[in-house]
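Numbering (this note's numbering), first residue to last: 15 to 143.
Where is the CB? At the ideal position from N, CA and C, for every residue including glycine.
As the structure is a computational prediction, the values presented were derived from the model and not from experiment.
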Amino acid sequence: GNWVSSRRDGTSRLYTLPLDDLDPPTKRLWQVVREQVSSSTAAAQDDRRLKQVLAKRRTQSEAFFSSAAGQWDRLREELFGSTSHLQALGALLDPDLVIGDLGCGTGIVSGWLGLFCDRIIAVDASKEM
Numbered sequence: 015g016n017w018v019s020s021r022r023d024g025t026s027r028l029y030t031l032p033l034d035d036l037d038p039p040t041k042r043l044w045q046v047v048r049e050q051v052s053s054s055t056a057a058a059q060d061d062r063r064l065k066q067v068l069a070k071r072r073t074q075s076e077a078f079f080s081s082a083a084g085q086w087d088r089l090r091e092e093l094f095g096s097t098s099h100l101q102a103l104g105a106l107l108d109p110d111l112v113i114g115d116l117g118c119g120t121g122i123v124s125g126w127l128g129l130f131c132d133r134i135i136a137v138d139a140s141k142e143m
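So, in C-alpha cells, the structure goes:
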C-alpha cells in the first residue's frame, strides 16, 4: 500500500503517513516498527531537529507578518486576488438558504453567491441589467 502521501506547498513538498488509510496488517507493521525505533537515539535527534525547524518557521512567519502589516491589504490582493476574503465569508452560508439579490445589476454577486448556496433569486429594476 501507500505508506506515505505528499502534497506540494509552494516550493516545498509535505509528507504524511495517513494511518487511517492503512489496511490492518500494514498498520500493525507500522506500530511494531515504531515501537522498536521510537526509543532510539536517532529518533530523539530527529524529534529535536523537528522542534527546531518548526520553531524557526514560526519565527519566520511572525517576522514576515510583522514586516508586512502595513502593506498586508495590498499584498493579499496581489497574492490571492481582490475577492479572496469573500471566499471565507461565503463558506459560512447555509447551502440550503434561498438568497434574494435585490438590485442585482449584472449578477456578478449572484454568480459568486451561487458557489455557496442552491438557490438565488436575482431581481433588478433595469431591463438591460
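Who are the near neighbours of residue i in its chain, counting only those whose CB is closer than 6 Å to its CB and skipping five residues on each side?
i, result
"L89", "A82"
Residue i bridges to which residues according to DSSP?
i, result
"T30", "S19"
"R133", "V112"
Contact check, residue i vs residue j under 8 Å by CB: the rounded distance?
i, j, result
"C131", "S124", "10 Å between Cβ atoms; not a contact."
"G121", "A136", "5 Å"
Among the residues of its own chain, which have a CB less than 8 Å from the CB of residue i, if the five just before and after it don't count?
i, result
"S20", "R27, L28, Y29, T30"
"L127", "G104, L107, I113, D115, I134"
"Q50", "none"
"L199", "Only positions 15 to 143 of the chain appear in the structure, and residue 199 is not among them; the question remains open."
Taking only heavy atoms of the ligand SAM into account, decide whether any of them is closer than 6 Å to the Cβ of residue i.
i, result
"G95", "In the structure shown, the ligand SAM is absent, as is every other ligand, since no ligand is present at all."
Have a look at the options and flag the residue whose alpha-carbon is nearest the alpha-carbon of residue i.
i, options, result
"D35", "G24, W17, T97, F78", "W17"
Taking contact to mean at least 3 C-beta pairs separated by less than 8 Å, is the region 66-78 in contact with the region 48-58? Put simply, the region 66-78 does not touch the region 48-58. Fewer than three CB pairs are less than 8 Å apart.
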